[in-house]
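Worksheet: the structure to be examined is printed underneath.
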Amino acid sequence: MKVNLGLTRAARYSFAPNHFHYCGPEKQSDMQSYVALHQSDQGLQGILSEFATLYKYLAMIAYENNIRDP
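Each residue of the sequence shown is one higher than the one before, starting from 1048 at the first, in the numbering used here.
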C-alpha cells in the first residue's frame, strides 16, 4: 500500500484536537489507528474531509510558506 505523506501528516496534526473533541468527526479510534500505523487510504481521506476548517487552515499555512499547491 502506498502511503500518502500529506494525508498522514494532516492526520498527525489533527489527531490531538480530534481526540479531545475540539473538532472533526467522532472517529477518534479510527484516527488513532491511522496515525499509529502510519497508514493512509480513502477512509482517512474521508475522516479528514469531515474537519470543517482543516483545508482552509492548511492552505493558509502553505500560502504563508510560499507553497502554491497545498
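Glycine included, each C-beta is placed from N, C-alpha and C at the ideal position.
Within the same chain, show all residues whose beta-carbon is closer than 7 Å to that of residue i, passing over the 5 residues directly before and after it, in chain order.
i        : result
Asn-1051 : Ser-1087
Pro-1072 : Ile-1094 and Glu-1097
Specify, as a first and last residue, the run of the alpha helix (DSSP H) that residue i falls within.
i        : result
Lys-1074 : Where Lys-1074 is concerned, there is no enclosing alpha helix (DSSP H), given that its DSSP letter is neither H nor E.
Glu-1122 : With the chain represented from 1048 up to 1117, any question about residue 1122 goes unanswered, as that position is not in the structure.
Gln-1092 : 1089–1096
Phe-1067 : From DSSP, Phe-1067 is part of no alpha helix (DSSP H); its letter is neither H nor E.
Determine the burial state of residue i: buried for a count of at least 16 other Cβ atoms within 10 Å of its Cβ, exposed for fewer.
i        : result
Tyr-1081 : buried
Ala-1058 : buried
Asn-1112 : exposed
Ser-1061 : buried
Are there three or more Cβ pairs, one per stretch, closer than 8 Å when the stretch 1087–1096 is compared with the stretch 1106–1117? No: the two stretches stay apart, fewer than three of their Cβ pairs being nearer than 8 Å.
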